[in-house]
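2 protein chains.
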Amino acid sequence: MRIEELETPAIVVDLDVMENNIRSMAEYSRDHNLNLRPHTKTHKTPEIARMQLNAGARGVTVAKVGEAEVMSGAAIEDILVHYPIFGQTKLARLAALAPKRKILVAVDSKVTAEAISSAIPNGSSIGLLAEFDSGMRRCGVSSPEEVKALAEAISRLPNVRFSGISTYPGHIWAEPDKQGGPMEELSSLIGEIKSQLAASGIACEVVSAGSTPAAKTSHLVDGLTEMRPGTYVFNDRNTVGVGACALEDCALRVLVTVVSTAVKGRAIVDGGSKTFSGDRWLSGDKTGFGHVVEHPGIEFASMSEEHGNLDLAQSGYAPNIGDRLSIIPNHVCACVNMHDSLYFHRDGTVEVSWQVAGRGRVR
Amino acid sequence: MRIEELETPAIVVDLDVMENNIRSMAEYSRDHNLNLRPHTKTHKTPEIARMQLNAGARGVTVAKVGEAEVMSGAAIEDILVHYPIFGQTKLARLAALAPKRKILVAVDSKVTAEAISSAIPNGSSIGLLAEFDSGMRRCGVSSPEEVKALAEAISRLPNVRFSGISTYPGHIWAEPDKQGGPMEELSSLIGEIKSQLAASGIACEVVSAGSTPAAKTSHLVDGLTEMRPGTYVFNDRNTVGVGACALEDCALRVLVTVVSTAVKGRAIVDGGSKTFSGDRWLSGDKTGFGHVVEHPGIEFASMSEEHGNLDLAQSGYAPNIGDRLSIIPNHVCACVNMHDSLYFHRDGTVEVSWQVAGRGRVR
């Protein structure tokens, strides 16, 4: 089947481009002696996680216990839940994975570490990473002293082990390699934390960080052992906007059909926020909901739930009902999460369709 | 089971409030001799559609063929696909519903009407509504003359019948009942269209409009026969913001748990844009991603995919990991679409959980 025959809206992924993205990040991590642990939130698809592992990734990252279950169910062995999981039932489900898989969890409080420790039955063990904040102001303790205190607390708990430290530098988008810039700041923070831990005699096996925009400057961070980019597998308009990839590196497109041309100067396509997600172009000028590949002059001006409203004023495009367009979404992780399955093609010929098995696993 | 025992994030719906919303809109429509045809995009749940029908709704509205299939599969008889469906496979699926259900489709072009007509086998028939634009600038032809031309074209096509006219006045949010305001403008536009049709000898059975914000001013629109509100079944922060309901009329809340308090002045909860959708508070000051019921002074300041970032500065709230909060989302339709199932409770006791069966039916 050709992608031109697919009903729209449909997500299509160019296998050549995706494989190249997977290979290129794996090579980068190998060249710099970093472990690669892709965040699977982007695709939520065990088959793609397997491709990342085959290319050299050491394990995967997830955000939810439900996603860990999906990856574990696909025989993936090494899973970091980079989320401070809390709640009795969720922790019981996490504990059920511990005997058969290598499970790690990132935590930023003694309370959470204790709850996890209590949930893991004797004889099992999971590794905990102490999460610190490197400027994102989301999760993570705020000072090297607090990291040390948390590491000490973890070290005293049964059925968990202190495995290292972690941060999510999701605020680092622009010029990560600038002299005196964010990667240097992160290096120095990690250095301080490691000194504190060393002074306490605590070994720090893992130093984990990473997101796609700064991924390929990870070697500038002294002491880093692991990187966790997610978006790079597909890339998106935000990745392009921040300069971390080119448009040709975007593997995923949303195929849509023009369904209305009744309003002058506009074309309506059959995908809106329930197809693309409502994410803005954060790394760009914050306008537009996607890049229209065939007519880059089109502005994807607004969205309803099921309508994409294209402003044609600057495009020279004369639309006809039934025209098909390919759109690169602003935020590919949120877009994929709207779909139950993805189509994978080579040169337009569909080779396979995979279920987004982790979608909807919100707990 | 109590809602306090549910794993988070979870959507809970207060049955008393929802039933009241359903009853109240049904009463309004009955009192004003209007047919009620709720848009099921809000809940995508056949069980709720059935409740709306039992309360007096004449039929349902959907946006996708896949949603029509879900509703048809639940033995719902009268389905308006308020979307200019285009594409061979989709039209074949639509045609397959036509022999057993009363199917209507809103179209705004001769091209789409012809494609539908060609797809319906002889012996079946579906009704077409000519959609006109009343200011939203999305779908719909722009003038009474164009409505007439479209109606004439439809009347000449086999296996479809011209059933009336329709518009989506989704731009009408504030003061719909103002003298000389948007509902009066809509009345006058409908009047012109009906005159044109009458002059051509075309009967216009249905005059359909409606969205939740202006729903209960529908009686101000002369000639209207049908209203299609969707959001009213649950209501949301946008509905409150526009003054169309009170906070107590919001039947749906997202239960979340505080999972991190490491960053000062903030609390992180276990739901972000993949739980709530990224919708802004369009009817309010455009800030904040939801209303925190227990602590209205909390600002739901930002979101990542799985993190909700609460700014506590104005709230006086001292958070603890494990605290549970209830949040009214900005845009309930987009929020429900993130979830595979919803929990329904009365006074906090869960009575039933229903699958969001239409979720993911993007085609």
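In order, the protein sequence lines correspond to chains Y and U.
Here this note's numbering is used: the first residue of the first sequence is 27, the next is one more, and so on.
Here this note's numbering is used: the first residue of the second sequence is 27, the next is one more, and so on.
The C-beta atom is built at its ideal place from N, Cα and C for all residues, glycine as well.
With H, G and I counted as helix, E and B as strand and the rest as coil, what does DSSP make of S189 (chain Y)? Look at S189 (chain Y) here: in three-state DSSP terms it is strand.
Put K128 (chain Y) into one of helix, strand or coil per three-state DSSP. DSSP places K128 (chain Y) in strand when its eight states are reduced to three.
Are V284 (chain U) and G342 (chain U) closer than 8 Å when you measure CB to CB? The criterion of a C-beta distance shorter than 8 Å is not satisfied by V284 (chain U) and G342 (chain U).
Should K220 (chain U) be labelled buried (16 or more other beta-carbon atoms within 10 Å of its own) or exposed? K220 (chain U) should be labelled buried.
Anything in the stretch 106-117 of chain Y with a Cβ closer than 8 Å to a Cβ of chain U? List those residues in chain order, please. Result list: Y109, P110, I111, F112, G113, T115, K116.
Which residues does DSSP pair with E325 (chain U) in a beta bridge? Listed as beta-bridge partners of E325 (chain U) by DSSP are U:D337.
Spatially closest choice to F158 (chain Y) from U:P355, U:S286, U:G384, U:G334, by CA coordinates: Nearest C-alpha to F158 (chain Y): U:S286.
Can you give me the Cβ contacts of S192 (chain Y) inside the same chain, cut-off strictly under 6 Å, excluding the 5 residues immediately before and after it? Result list for S192 (chain Y): A132, L155, E157, S234, in chain order.
If you compare alpha carbons, which of Y:G298, Y:V295, Y:H317 is closest to C276 (chain Y)? Taking only the C-alpha atoms, the option nearest C276 (chain Y) is Y:H317.
DSSP state of A293 (chain Y) mapped onto helix, strand, coil: In the displayed model, A293 (chain Y) falls within a strand according to three-state DSSP.
Touching by the beta-carbon criterion (3+ pairs, under 8 Å), the stretch 161-171 of chain U and the stretch 316-335 of chain Y: At 8 Å Cβ cutoff, the stretches touch.
Cβ-based burial, E95 (chain U) [other Cβ within 10 Å; buried from 16]: E95 (chain U) is buried by the Cβ-count criterion.
Start and end residues, beta strand (DSSP E) containing A235 (chain Y): Segment 232-235, the beta strand (DSSP E) holding A235 (chain Y).
Collapsed DSSP secondary structure at T301 (chain U) in the structure displayed: Helix at T301 (chain U).
Please tell me whether G110 (chain U) and S135 (chain U) are closer than 8 Å, where the distance is taken between their beta carbons. Before going on, a small fix: residue 110 (chain U) reads as Pro here, not Gly. Yes; because the gap between Cβ atoms is below 8 Å, this pair is in contact.
Residue ranges of each alpha helix (DSSP H) within the stretch 210-275 of chain Y, 4 or longer: The stretch 210-275 of chain Y contains these whole alpha helix (DSSP H) runs: 263-267.
Whose C-alpha, out of U:M329, U:I48, U:E201, U:K70, is nearest the C-alpha of L79 (chain U)? Residue nearest to L79 (chain U) within the set U:M329, U:I48, U:E201, U:K70 is U:I48 (criterion: CA-CA distance).
One or two residues paired with Y369 (chain Y) in a DSSP bridge: Answer is Y:V38, Y:S379.
Drop a sphere of 10 angstroms on the beta-carbon of H65 (chain U), count the other beta-carbons inside from all chains shown, and report buried for 16 or more, exposed for fewer. H65 (chain U) is buried by the Cβ-count criterion.
So, helix, strand or coil for E53 (chain U), using DSSP? DSSP places E53 (chain U) in helix when its eight states are reduced to three.
Answer with buried or exposed for D42 (chain Y), where buried requires no fewer than 16 other C-beta atoms within 10 angstroms of its C-beta. So D42 (chain Y) counts as exposed.
First and last residue of the uninterrupted beta strand (DSSP E) at S352 (chain U): 350-355 is the extent of the beta strand (DSSP E) around S352 (chain U).
Top-ranked residue by Cα proximity to G314 (chain Y), from Y:L123, Y:S143, Y:L278, Y:G267: Ranked by how close their Cα comes to the Cα of G314 (chain Y), the residues Y:L123, Y:S143, Y:L278, Y:G267 have Y:G267 in first place.
For D104 (chain Y) and R84 (chain Y), believed in contact at Cβ under 8 Å, the rounded distance: For R84 (chain Y) against D104 (chain Y), the beta-carbon gap comes to about 6 Å, under 8 Å, which counts as contact.
Can you grab the Cα-Cα spacing for the pair A139 (chain Y) / N346 (chain U), in whole Å? Each residue's alpha carbon lies about 14 Å from the other.
Using the rule of at least 16 other Cβ atoms within 10 Å of the residue's Cβ for burial, across every protein chain shown, is A401 (chain U) buried or exposed? For chain U, the structure presents residues 27 to 389; residue 401 (chain U) sits outside this window and is missing.
Just the Cα atoms here: how many angstroms apart are Q340 (chain Y) and Q381 (chain Y)? The straight-line gap from Cα to Cα measures roughly 37 Å.
Neighbourhood of E218 (chain U) by C-beta, 6 Å cutoff - its chain only, sequence neighbours within 5 removed: Here the set comprises P170.
Comparing the C-beta of K312 (chain U) with each C-beta of chain Y, is any distance below 8 Å? No, because no Cβ of chain Y sits closer than 8 Å to the Cβ of K312 (chain U).
Can you find at least 3 beta carbon pairs, one from the stretch 204-211 of chain U and one from the stretch 177-186 of chain U, that sit closer than 8 Å? The stretch 177-186 of chain U and the stretch 204-211 of chain U do not touch, with fewer than three beta-carbon pairs separated by less than 8 Å.
Find out if the Cβ-Cβ distance for the pair R306 (chain Y), E30 (chain Y) is shorter than 8 Å. Not in contact: R306 (chain Y) and E30 (chain Y) (Cβ atoms no closer than 8 Å).
Residue interval of the alpha helix (DSSP H) (run including S3 (chain U)): Past the edges of chain U, shown from 27 to 389, lies residue 3 (chain U), and the structure says nothing about it.
Going along chain Y, which residues have a C-beta under 8 Å from I354 (chain U)? For the C-beta of I354 (chain U), not a single chain Y residue is nearer than 8 Å; the gap to the nearest is close to 18 Å.
Which class does T313 (chain U) belong to by DSSP, given the choice of helix, strand or coil? T313 (chain U) sits in coil when the DSSP states are folded into three classes, being neither helix nor strand.
Counting beta carbon pairs with one atom in the stretch 237-244 of chain Y and one in the stretch 255-272 of chain Y, are three or more of them shorter than 8 Å? Verdict: yes, contact present.
State the Cα-Cα distance for the pair V38 (chain U) and S367 (chain U), rounded to the nearest angstrom. Whole-angstrom Cα-Cα distance: 10 Å.
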